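Since the structure comes first, as structure tokens, the remarks are kept for the end.
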Amino acid sequence: MKINLKNGIDKLIFGMKQKDVEAVYGKPDRNYKDEDENVIFIYNKFKMRLTFYKEEDFKMGYIVASSADLELFGNKMIGRSIKDVKKDLAQKSITKFTQEEFDTFENYFNEENWLLFQTEFDEVVKLEVGAIINDKDEFEWKFGKK
Numbered sequence: 115m116k117i118n119l120k121n122g123i124d125k126l127i128f129g130m131k132q133k134d135v136e137a138v139y140g141k142p143d144r145n146y147k148d149e150d151e152n153v154i155f156i157y158n159k160f161k162m163r164l165t166f167y168k169e170e171d172f173k174m175g176y177i178v179a180s181s182a183d184l185e186l187f188g189n190k191m192i193g194r195s196i197k198d199v200k201k202d203l204a205q206k207s208i209t210k211f212t213q214e215e216f217d218t219f220e221n222y223f224n225e226e227n228w229l230l231f232q233t234e235f236d237e238v239v240k241l242e243v244g245a246i247i248n249d250k251d252e253f254e255w256k257f258g259k260k
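Just so you know, the sequence shown maps onto residues 115 to 260 in the working numbering.
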């Protein structure tokens, strides 16, 4: 499954509504509302959690994924050393990461592409991609735009 920075993952495009996602991937294995009343879809097969924001008319704006099939720029992400992943991304001029540590995990966040890698023991175990928020503090929705 291809990660499309600033756009989504695979056939998922930021700005899709729940019905759009279900038309592509079917019903989620689980769905619920979080503490902010956002709708969360869980797809076990794809190892993905999708967030549909209540304040944005329930448009999908965030994806958390951990499938071994995830690729960025033709490279697998999950299960690789964060040093190797960062080296690959540097070739695409993605070099700025904010790092935070907690317990055995570390997060590496690139705000420009709203991309986060979570590592444990120096290995990427999960990644998160989000819709871009512009200078006007508004989401840049990609779904339905050509």
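Glycine included, every Cβ here is placed at the ideal spot set by N, Cα and C.
Remember, predicted model here, so these are calculated numbers, not experimental data.
Quiz item: So is Y157 buried or exposed if we call it buried at 16+ other beta carbons inside 10 Å?
Solution: Y157 comes out buried.
Quiz item: Looking at the unbroken beta strand (DSSP E) that takes in I246, where does it start and where does it end?
Solution: Segment: none, I246 is in no beta strand (DSSP E) and carries neither H nor E.
Quiz item: What is the DSSP secondary structure of I208, counted as helix, strand or coil?
Solution: Here I208 sits in coil by DSSP.
Quiz prompt | S181 classed as buried or exposed, judged by whether at least 16 other C-beta atoms fall within 10 angstroms | solution = With a threshold of 16 other beta carbon atoms within 10 Å, S181 meets it and is buried.
Practice problem: Put A137 into one of helix, strand or coil per three-state DSSP. | Solution: Reduced to three states, the DSSP call for A137 is helix.
Quiz item: When we look at the beta-carbon of I247 and count the other beta-carbons within 10 Å, is it buried (16 or more) or exposed?
Solution: Its Cβ having fewer than 16 others within 10 Å, I247 is exposed.
Exercise. Would you tell me roughly how many angstroms separate the C-alpha atoms of T218 and G193, rounded to the nearest one?
Key: One Cα belongs to T218, the other to G193, and the distance between them is close to 15 angstroms.
Quiz item: Three or more beta-carbon pairs under 8 angstroms between the stretch 237-257 and the stretch 170-181, yes or no?
Solution: Short answer: they touch.
Quiz item: Buried or exposed: D148, going by 16 or more other Cβ atoms within 10 Å of its Cβ?
Solution: That one is exposed.
Quiz item: With Y167 and I196 assumed to form a contact (beta carbons below 8 angstroms), what rounded beta-carbon distance in angstroms separates them?
Solution: 29 angstroms between Cβ atoms; not a contact.
Quiz item: Does DSSP classify I117 as helix, strand or coil?
Solution: Reduced to three states, the DSSP call for I117 is strand.
Quiz item: So, helix, strand or coil for K173, using DSSP?
Solution: Reduced to three states, the DSSP call for K173 is strand.
Self-check item: Where I196 sits in the DSSP three-state scheme
Solution: Reduced to three states, the DSSP call for I196 is helix.
Exercise. Indicate the three-state DSSP secondary structure (helix, strand or coil) for N152 in the structure shown.
Key: Three-state DSSP puts N152 in coil, outside helix and strand.
Quiz item: Taking the alpha-carbon positions, what's the F160 to A137 distance?
Solution: Cα to Cα, F160 sits roughly 15 angstroms from A137.
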